[in-house]
Each structure stands twice: as C-alpha cells, then as structure tokens.
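Visitor:
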Amino acid sequence: MKPREFTLRAVGLGLLLSVVLGAANTYLGLYAGLTVSASIPAAVLSMFILRKWMRSGTILENNIVQSMASAGESLAAGIIFTIPALVISKEWHDFAFWPTTLVAFCGGMLGVLFLIPFRKQFIAGHGSRQLQEDLIYPEGHACAEVLRSGESKGALSIFSGMASAIALKCSSLLFQMHTAFVIPIARNGGRAAFLGLDFSAALAGVGYIVGIRIASMLFLGGFITWAIILPVFAPLNPATSMQLQIHHFWASQGRFAGVGAMLVGTIE
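Below is the structure:
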C-alpha cells in the first residue's frame with residue numbers, strides 16, 4: 011500500500027507553516043537584511059506534529075509540508091529584496107497592498123512554471139553525473155537526510171527558542187524592561203559621542219544561524235556606517251535635533267553606501 015502523501019492535514023499544516031515562516035522571514039529580512047531557510051525547520055516541525063503528536067505521519071506528507079513552507083518563505087524573500095528597491099528609488103511612494111500581492115503571485119507562478127521543465131534534469135537526479143556533482147544542493151540533501159532519518163528532536167529546540175523570545179518580549183512590555191541603552195563615551199566642549207546598544211532576539215537568532223563570519227560582516231557594515239560615514243559626512247545644524255538629522259541623513263543617503271558596497275562586492 012502506497013504511503014499517504016497529498017492529504018488534507020499535510021496541506022493544512024503546509025499552509026500554516028508557510029504563512030508563519032513566510033511572515034517571520036518577511037519581518038526578519040526587512041529588519042536585518044537576511045532570511046533563513048524554512049525547509050529544515052518546517053521538516054522538523056512537520057515530523058514532530060505528524061509523527062510524534064499524531065503518530066501517523068509519513069515521509070511523503072512531511073515532504074509536502076516542508077515543500078509548501080519553503081515555497082512560501084522563498085516567495086517572501088523574493089518580495090522583500092525587490093519591492094523596497096522601488097520605494098528607495100522613489101518609483102513607489104509606499105508599499106501598496108494589491109500591487110505587491112500581484113507581483114508576488116506572478117513571481118510565484120513564474121517560479122513554478124519555469125521549474126517544471128528543469129525538474130527532471132536538475133532536481134530528480136536523472137542528469138549526468140557531472141551535472142549532479144556541480145548542482146549538489148547541500149541544503150536540499152540535508153533536508154532529505156532529516157526526512158529519511160525521521161529526526162524530530164530539533165523541534166524542542168525550535169519551541170524553546172520561540173518560548174524564550176516570547177518571554178523576553180512579554181517581559182519588556184509588562185515590566186517596562188529596556189533592552190536599549192545609550193552610553194556617553196567622550197565629550198569635547200559642546201560636542202559629545204555616545205554609544206548605543208540594543209538587544210534583539212530576532213537578530214541573535216539569525217546571527218546564531220548564519221555563523222560568526224557573516225554576522226561579523228554585518229556588524230562591520232553597521233559600524234562603518236554609524237561610526238565613520240555618518241559622523242564625518244552628515245551635515246549637522248546645531249539649531250535642530252541631532253538625532254533627527256542623523257536618522258534623516260542615514261535614510262536619505264547613508265543606506266546607499268551599503269547598496270554600493272554590495273554592488274562592488276559582487277565583482278571578482
């Protein structure tokens with residue numbers, strides 16, 4: 011008897027995880043400029059819910075769930091890295107709901123339609139050996155191994171991280187706990203330098219996932235922008251608020267330094 015695959019519970023769970031992980035990646039991508047893949051977390055959560063909780067899930071159902079969640083996350087990543095460019099370039103004045111939805115729908119349909127002709131050669135493994143060695147899809151192989159092994163212990167870590175973030179957010183709201191601090195570090199006459207510190211559970215989580223190398227690059231980019239570029243090049247007027255001027259300069263011009271760094275960094 012063929013194992014269950016396209017079932018109502020698999021589709022429902024896939025839709026739920028697609029919305030949740032897609033929304034989380036949308037927020038994270040706009041906040042930190044990075045997204046994390048949803049394939050392996052979705053596979054782990056699916057096995058935990060279908061196999062450990064319902065005790066009747068199959069590997070095919072788990073594959074359906076992680077595929078749907080991964081597609082939703084990828085679609086969100088495609089939107090947040092393209093639509094804001096229209097706002098920054100002033101082609102759009104704000105984020106309109108229906109045009110953005112239409113762009114997302116068309117992008118998702120094009121992605122599916124373009125993938126269908128290449129699935130057999132690139133994904134299913136029927137291509138040449140050299141092609142399979144060149145296109146190894148390490149994350150896809152890792153997700154496949156997770157599904158084959160039926161390992162769902164990682165779900166406890168995911169739930170623990172979620173609980174920690176919820177506890178931190180609730181504590182900051184209920185008990186007025188502040189995670190941001192401004193520390194004066196130097197003063198010269200009428201001028202002063204301050205060091206601002208803040209803690210974010212979302213950034214801590216994504217930093218743990220991407221590793222020290224990428225996290226260090228992000229920190230270095232932020233340090234160069236706020237400690238060198240803005241203090242040196244921002245035209246300040248003592249008659250108005252310094253904080254407002256700095257943020258205005260960063261929003262109108264400072265961010266383009268990061269865009270230029272990304273463009274030049276792609277040249278080898």
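Taking the working numbering, the leading residue of the sequence shown gets 11, the next gets one more, and so forth.
Yeah, the Cβ is synthetic: ideal placement off N, Cα and C, and Gly gets one too.
None of these values were measured; they are calculated from a predicted model.
(1) How close, in whole Å, do the beta carbons of residue 43 and residue 85 come, if the pair is a contact with beta carbons under 8 angstroms?
(2) Mark residue 221 as exposed unless 16 or more other C-beta atoms lie within 10 angstroms of its C-beta, in which case mark it buried.
(3) With three or more beta-carbon pairs closer than 8 angstroms as the criterion, would you say the segment 69–78 touches the segment 90–102?
(4) Spell out the partners DSSP gives residue 38 in its beta bridges.
(5) Quick one: what's got a C-beta closer than 8 angstroms to residue 268's C-beta in the same chain, skipping five residues either side?
(6) I think residue 225 touches residue 217, with their Cβ atoms under 8 angstroms apart; what is that distance to the nearest whole Å?
(7) Residue 80 to residue 115, Cα distance in whole Å?
(8) Does DSSP classify residue 214 as helix, strand or coil?
(9) Once the 5 residues before and after residue 138 are set aside, which same chain residues still bring their CB inside 6 angstroms of it?
(10) Hey, how far is the Cα of residue 156 from the Cα of residue 22?
(11) Would you mind sorting residue 180 into buried or exposed? The rule is 16 or more other CB atoms within 10 Å of its CB.
(12) For residue 260 versus residue 228, is the C-beta spacing smaller than 8 angstroms?
(13) Are residue 153 and residue 56 close, meaning C-beta to C-beta below 8 angstroms?
(14) In the DSSP assignment, find the unbroken alpha helix (DSSP H) run with residue 95 in it and report its ends.
(15) Kindly give me the distance between the Cβ atoms of residue 211 and residue 175, rounded to whole angstroms, as I take these residues to be in contact under 8 angstroms.
(16) Which residue wins for smallest C-alpha separation from residue 88, given the options 196, 203, 110?
(17) Within the segment 47–88, note down every full alpha helix (DSSP H) run reaching 4 residues or more, in order along the chain.
(18) Just the Cα atoms here: how many angstroms apart are residue 25 and residue 277?
(19) Quick check: the Cα distance between residue 58 and residue 76, rounded to an integer number of angstroms?
(20) List the endpoints of the continuous alpha helix (DSSP H) containing residue 16.
(21) How would you write the range of the alpha helix (DSSP H) that residue 224 sits in, first residue to last?
(22) Helix, strand or coil for residue 277, going by three-state DSSP, please let me know.
Guide: Well, looking at it:
(1) As a first step, residue 43 is located in the sequence shown; it is residue number 33 there, counting from the start. As a first step, residue 85 is located in the sequence shown; it is residue number 75 there, counting from the start. So it is not a contact: roughly 18 angstroms between Cβ atoms.
(2) What you label residue 221 is simply residue 211 of the sequence shown in a count that begins at 1. Exposed, because fewer than 16 other Cβ atoms sit within 10 Å of the Cβ of residue 221.
(3) Taking 8 angstroms as the limit for Cβ pairs, the verdict is that the segment 90–102 does not touch the segment 69–78.
(4) Residue numbering aside, residue 38 sits at position 28 when the sequence shown is read from its first letter. Residue 38 is not bridged to any residue.
(5) As a working mapping, residue 268 is identified with position 258 in the sequence shown. Cβ contact annotation for residue 268 (same chain, cutoff 8 angstroms, sequence separation greater than five): 231, 235, in chain order.
(6) In the sequence shown, residue 225 corresponds to position 215, counting from 1. In the sequence shown, residue 217 corresponds to position 207, counting from 1. 4 angstroms between Cβ atoms; contact.
(7) Numbered from its first residue, the sequence shown carries residue 80 at position 70. Numbered from its first residue, the sequence shown carries residue 115 at position 105. About 16 angstroms.
(8) Position 204 of the sequence shown holds residue 214. Residue 214 falls in the helix class under three-state DSSP.
(9) In the sequence shown, the residue the question calls residue 138 occupies position 128. Residue placement at residue 138 is flagged as unreliable, the pLDDT there being 47, under the threshold of 50; the coordinate-derived value follows with that caveat. Its chain contains no residue whose beta carbon lies nearer than 6 angstroms to that of residue 138 once the 5 sequence neighbours on both sides are disregarded.
(10) Here residue 156 refers to the residue found at position 146 when the sequence shown is read from its first residue. Here residue 22 refers to the residue found at position 12 when the sequence shown is read from its first residue. Cα-Cα distance, rounded: 21 angstroms.
(11) For the purposes of this step, residue 180 is taken as the residue at position 170 of the sequence shown. Residue 180 is exposed by the Cβ-count criterion.
(12) Working through the sequence shown from its first residue, we reach residue 260 at position 250. Working through the sequence shown from its first residue, we reach residue 228 at position 218. Not closer than 8 angstroms, so no.
(13) The residue given as residue 153 occupies position 143 in the sequence shown. The residue given as residue 56 occupies position 46 in the sequence shown. No, they are not a contact pair.
(14) Counting from one through the sequence shown, the residue named residue 95 turns up at place 85. Taken as a continuous stretch (DSSP letters only), the alpha helix (DSSP H) holding residue 95 covers 93–98.
(15) As a working mapping, residue 211 is identified with position 201 in the sequence shown. As a working mapping, residue 175 is identified with position 165 in the sequence shown. Yes, residue 211 and residue 175 are in contact; Cβ-Cβ is about 4 angstroms, under 8 angstroms.
(16) On the sequence shown, position 78 is the one that residue 88 refers to. Across the set 196, 203, 110, the C-alpha of 110 shows the shortest separation from the C-alpha of residue 88.
(17) Counting whole runs of 4 or more residues, the segment 47–88 contains the alpha helix (DSSP H) stretches 49–57.
(18) Start at 1 with the first residue of the sequence shown, and residue 25 comes out as number 15. Start at 1 with the first residue of the sequence shown, and residue 277 comes out as number 267. When rounded, the distance between both Cα atoms is 39 angstroms.
(19) Locating residue 58 in the sequence shown gives position 48, counting from the first residue. Locating residue 76 in the sequence shown gives position 66, counting from the first residue. For residue 58 and residue 76, the distance between alpha carbons rounds to 12 angstroms.
(20) Locating residue 16 in the sequence shown gives position 6, counting from the first residue. No alpha helix (DSSP H) holds residue 16; DSSP gives it neither H nor E.
(21) Taking the sequence shown and counting its residues from 1, the one referred to as residue 224 is at position 214. Here the alpha helix (DSSP H) through residue 224 covers 222–234.
(22) Along the sequence shown, one-based indexing puts residue 277 at 267. Residue state, collapsed to three classes: coil.
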